[in-house]
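Asker: Below are the structure tokens for one structure; questions will follow.
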Amino acid sequence: MISLCLILVPLAGALLAAAWREDRTRPLWLPIFGVIHAGLAAALFFNPPAVAAESWFGFDPLARAVLPAVSLLFLVCSAYAVPYLRLRAERPNRVFVALLLTVLGLLSAGHQARHLGLLWVATEAVTLAAVPLLHFNGTARAFEATWKYLLVGGTGIALSLLGSFCLGYASLHGGGRGDLTFAALTAQGAGLSRPWVLTAWVLLLVGYGTKMGLAPMHTWKPDAYGQAPGIVGALLAGGVTTVAFTAILRVRSVVGAAGEGPVADRTLLLLGLFSMGVAALFLLGTRDFKRMLAYSSVEHMGILGLGTALGGPGVAAALFHVWSNGLTKGVLFLSAGNLHRAAGEPTMDAARGMARLTPRSAAIFVAGMFAITALPPFAPFFSELQVVRAGLAAGHGLAVAAFLGCLLLAFLGLTRVVFGIVDGRPRPARVHHARRFRETAAVIAPPLVLLGLSLALGLFTPAILRESWLAAVRQLFPTP
Amino acid sequence: MNEGTLNLLVGLAMGLNLLALGSSRLPALIRTVAAQGVVLGVMPLLIEHETLDWRVAAVAVATIAGKGVVIPWLLRRAMRAANIEREIEPFVGYVPSLLLGAGGTIAAVGLARALPLLPAHSGSLLVPGAMASVLTGFLLLIGRVKAISQVCGYLILENGIYLFGLLLIHSTPLLVESGILLDVTVGVFVIGIIVDRIQRAFDSLDTRKLTTLRE
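From first to last, the protein sequence lines are chains B and H. Residue 418 in the numbering used here is what sits at position 418 of the first sequence, and the numbering runs on without skipping anything. Heads up: take any position in the second sequence, counting from 1, add 480, and you land on the numbering used here.
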């Protein structure tokens, strides 16, 4: 029941926000519903409900291992949205606020979907609901980015529907009823028709991989993240991508049950490493710090893919990484949003000497950059260390070496851009512009809180969190 | 039972794919996509079942209304607003795309043989039809530069998936079907809105102008 509220409460909030008359007070509904959602998610996290095996929806162990991270990220982002929308008072925010809450509701639906069809419906709906968020700025560039997002994302998501149908046909052909709940598909296991399972895996991996932003299906990401407001980037990178990731995890578990696990793992391993490599190379070239964050997100999606390919311990590490990446990306996107506002343009050519213009945001941005490049004791260091351990234990020495190489290249690329904008003397023409942006506590506290969470998660990972990741692994890889 | 008629319609849809690849004028392309939508909408009624299920009828009516009437109307409106009639310099020319489409259709028939089918579906053209349409959709998406032609490509791609979905029409629950239909419709609406905004922001629907964002 509470698990259904996780979906319905934000959707009701969206209706309320859409009906609310005042632009000035409307953003306040975001933190209000953020708190309610986080409260519900925490209640479910500490007292996980029993989920009937054949149910289509439910707060099952996998949802428990991931959804609270999204809820937490949304809560902090919603606190940031209030001062942000006040700064952008010139733009109407009715659609923006209502759709942010819609996205939260649909994300909760996607994470809890235990039916392949419903999962698709929720993911597609999130994709569409995010469209007006991307072109909030209303510039020609924003529409260009939105168009690419729609075409690439739409095609990807269409392929995942085809893949879902193929998996249904695999069940029919194997003598099943074509029931698309994950429980029924896993139970049919080896009875599924192998050629159809493989076809379905390829299509679903490409489809949900597009949504996740794995290379080479990542091309929408730099444009979309580059043009969207920072808060939207944070939610896309930490929330929407995780729905696609849990979708891949659930499908991977069905493919494993059908006896094609090794094939699935090989493809995930290659795609993960390829994403990391592509992202690292583009990080060395980009001059735009918001596009840089997009490439960094591609890299971390690659890490998730790689972790998933390494069996049980790898999946647990990947789930840990979902938390550490989501929270740390939040730090970067929100502080980058501040820098963007102050500098006017998110490029290295326009933004220089930000340490003098916006010292606090610049400091948080640099700290966030070190956190995401796995400086101990921030959480990404520990989750990536777990991926390395899982890789070595599974005997993938070469893959681990490539992984570390990509991390090093990405570190070089990130530091190049970050210090390029933080260091140096500000351009005189920009100083005046930057003066208009004041670093109030309201825009500094949210990224700082996320940074604190990332640090805390690394220093003392709560035992209950670790336990929830292991429970999710047990759900995905049931030992016979 | 009605397999002959059904195959005839799938064949018709595959022919419309080729027509879409060969047409340079946008009104003709939109008409082709609309006709394909109507052909697809009739299909669920022909798939054998004991009595005419109201759910199947609902899917048929919604498909004909959406793919055959509403979406083409939206596209025609966008086309008139943008004042463009034809695709002048496609990335992939009409003859090459027709040849690729024809080759793809043949390959789809061959590939469908390689996949195991249930005895009930072994004589059906649904699987090759689906693959050929997906391929046609991709060709249009990649090979055309006008946003409206790309949307038509996306629609044909989705039609291909719909054809495949017909194999499962009895096993997918109504809730999921209607959710999928709703999402697809909303999706095209959203695309329509963005096409309109791009037209206003760039004063053109030529996607070659959408190249400011790059490394």
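Don't be surprised by glycine CBs; every beta carbon is placed ideally from N, CA and C. Treat the numbers as computed from the prediction; the structure is a model and nothing was measured.
#1: Decide if the stretch 639 to 657 of chain H is in contact with the stretch 531 to 542 of chain H; the criterion is three or more beta carbon pairs, one per stretch, under 8 Å apart.
#2: Could you spell out the range, first to last residue, of the alpha helix (DSSP H) harbouring Phe-274(B)?
#3: Looking only at C-alpha atoms, which of Ala-562(H), Gly-609(H), Ile-527(H), Val-550(H) sits nearest to Asp-686(H)?
#4: Identify the residues that DSSP records as bridge partners of Ala-113(B): which are they?
#5: Name, please, each residue of chain H whose Cβ falls closer than 8 Å to the Cβ of Val-131(B).
#6: Residues of the stretch 135 to 149 of chain B with a CB closer than 9 Å to any CB of chain H: list them in chain order, please.
#7: What is the DSSP secondary structure of Arg-286(B), counted as helix, strand or coil?
#8: Taking only three categories from DSSP, how would you classify Thr-347(B)?
#9: Does the beta-carbon distance from Met-301(B) to Thr-241(B) come in below 8 Å?
#10: Should Met-354(B) be labelled buried (16 or more other beta-carbon atoms within 10 Å of its own) or exposed?
#11: For a test of the three-state rule: what should DSSP assign to Asp-686(H), helix, strand or coil?
#12: Just mark Pro-426(B) as buried or exposed, buried being the case when its beta carbon has 16 or more other beta carbons within 10 Å.
#13: Using a beta-carbon distance below 8 Å, is Phe-274(B) in contact with chain H?
#14: So, Gly-305(B) versus Leu-268(B), is the Cβ gap smaller than 8 Å?
#15: Taking Leu-203(B) as the reference, which of Ala-434(B), Gln-227(B), Ala-247(B) has the closest Cα?
#16: Between which two residues does the alpha helix (DSSP H) holding Ser-602(H) run?
#17: Is the CB of Pro-27(B) under 8 Å away from at least one CB in chain H?
#18: Going by the CB atoms, is the gap between Leu-73(B) and Gly-330(B) shorter than 8 Å?
#19: Is the Cβ-Cβ distance between Val-670(H) and Leu-150(B) less than 8 Å?
#20: Taking the straight line between their C-alpha atoms, what separation do you get for Met-481(H) and Pro-262(B)?
#21: Check each residue of the stretch 676 to 694 of chain H: if its Cβ is closer than 7 Å to any Cβ of chain B, include it; give the result in chain order.
#22: Tell me the DSSP secondary structure of Arg-505(H) in three-state form.
#23: Give me the residue from Gly-105(B), Leu-404(B), Leu-8(B) with the minimum Cα distance to Val-388(B).
#24: Please identify the residue among Asn-639(H), Leu-555(H), Leu-526(H) whose C-alpha is closest to the C-alpha of Asn-497(H).
#25: Glu-638(H) versus chain B: which residues are under 7 Å apart at the beta carbon?
#26: With a threshold of 8 Å between beta carbons, is Leu-492(H) in contact with chain B?
#27: Going along chain H in order, which residues have a C-beta closer than 8 Å to the C-beta of Leu-128(B)?
#28: Taking only the alpha-carbon atoms, compute the straight-line gap between Ile-636(H) and Ala-514(H) and give it to the nearest angstrom.
#29: Check for me: the alpha helix (DSSP H) holding Phe-491(B) runs from which residue to which?
#30: So what's Met-481(H) in DSSP terms, helix, strand or just coil?
#31: Select from Ala-363(B), Pro-83(B), Gln-188(B), Gly-178(B) the residue whose C-alpha is nearest the C-alpha of His-650(H).
#32: Out of Tyr-642(H), Leu-620(H), Ala-588(H), Gln-679(H), which has the shortest C-alpha to C-alpha gap to Pro-524(H)?
#33: For Pro-229(B), would you say it is in contact with chain H, using Cβ-to-Cβ distances shorter than 8 Å as the test?
#34: Cβ closer than 8 Å: which chain B residues qualify as neighbours of Tyr-634(H)?
#35: So if I threshold CB-CB distances at 9 Å, which residues from the stretch 333 to 353 of chain B count as touching chain H?
#36: Could you name the residues of chain B that Pro-596(H) contacts, counting a contact when the two beta carbons are closer than 8 Å?
Answerer: Looking at the atomic coordinates:
#1: With contact defined as three or more Cβ pairs closer than 8 Å, the stretch 639 to 657 of chain H and the stretch 531 to 542 of chain H are in contact.
#2: From DSSP, the alpha helix (DSSP H) with Phe-274(B) extends over 261 to 283.
#3: With respect to the C-alpha of Asp-686(H), the residue from Ala-562(H), Gly-609(H), Ile-527(H), Val-550(H) having the closest C-alpha is Ala-562(H).
#4: DSSP lists Phe-57(B) as the beta-bridge partner residues of Ala-113(B).
#5: Those are Val-670, Ile-674, listed as they occur along chain H.
#6: For the stretch 135 to 149 of chain B, which is checked against every Cβ of chain H, the residues closer than 9 Å are His-135, Gly-138, Thr-139, Ala-140, Arg-141, Ala-142, Phe-143, Glu-144, Ala-145, Thr-146, Trp-147, Lys-148.
#7: A quick correction: the sequence has Thr, not Arg, at residue 286(B). If DSSP states are grouped into helix, strand and coil, Thr-286(B) belongs with coil.
#8: Secondary structure at Thr-347(B): strand, using DSSP grouped into helix, strand and coil.
#9: Result yes, Cβ atoms of Met-301(B) and Thr-241(B) sit closer than 8 Å.
#10: So Met-354(B) ends up on the buried side.
#11: Note: Asp-686(H) maps to strand in three-state DSSP.
#12: By the Cβ-count criterion, Pro-426(B) is buried, with 16 or more other Cβ atoms from all chains shown falling within 10 Å of its own Cβ.
#13: So, not an interface residue.
#14: Contact: yes.
#15: Relative to the Cα of Leu-203(B), the nearest Cα in the group Ala-434(B), Gln-227(B), Ala-247(B) belongs to Ala-247(B).
#16: Where Ser-602(H) is concerned, there is no enclosing alpha helix (DSSP H), given that its DSSP letter is neither H nor E.
#17: No - not a single Cβ of chain H is within 8 Å of the one on Pro-27(B).
#18: Closer than 8 Å, so yes.
#19: Going by beta carbons, Val-670(H) and Leu-150(B) fall inside the 8 Å limit.
#20: Annotation note: pLDDT 49 at Met-481(H) (below 50); position unreliable, coordinate value reported separately. Rounded to the nearest angstrom, the two C-alpha atoms are 42 Å apart.
#21: The stretch 676 to 694 of chain H vs chain B, Cβ under 7 Å: Arg-677, Ile-678, Ala-681, Phe-682, Leu-690, Thr-692, Leu-693.
#22: Strand.
#23: When each option's Cα is compared against that of Val-388(B), the closest is Leu-404(B).
#24: Per the Cα distances, Asn-639(H).
#25: In chain order, Ala-158 make up the part of chain B whose C-beta sits under 7 Å from the C-beta of Glu-638(H).
#26: Taking a beta-carbon distance threshold of 8 Å, Leu-492(H) does not count as an interface residue toward chain B.
#27: Near Leu-128(B) (Cβ distances below 8 Å), the residues of chain H are Asp-663, Val-666, Gly-667, Val-670.
#28: Their backbone Cα atoms lie some 10 Å apart in a straight line.
#29: Look at the range of chain B in this structure, 1 to 480, and you will see that residue 491(B) is not part of it.
#30: Per-residue confidence for Met-481(H) stands at a pLDDT of 49, beneath the threshold of 50, marking its modelled position as unreliable; the derived number appears in the next sentence. Coil at Met-481(H), not helix or strand.
#31: Ranked by Cα distance from His-650(H), the options Ala-363(B), Pro-83(B), Gln-188(B), Gly-178(B) are led by Gly-178(B).
#32: Minimum Cα distance to Pro-524(H) is reached at Tyr-642(H).
#33: For Pro-229(B), the answer is no, since every Cβ of chain H falls outside 8 Å of its Cβ.
#34: Simply Leu-151, Gly-154, Thr-155, Ala-158.
#35: Flagged: no residues at all.
#36: Here the neighbours are His-173, Ser-193, Pro-195, Trp-196.
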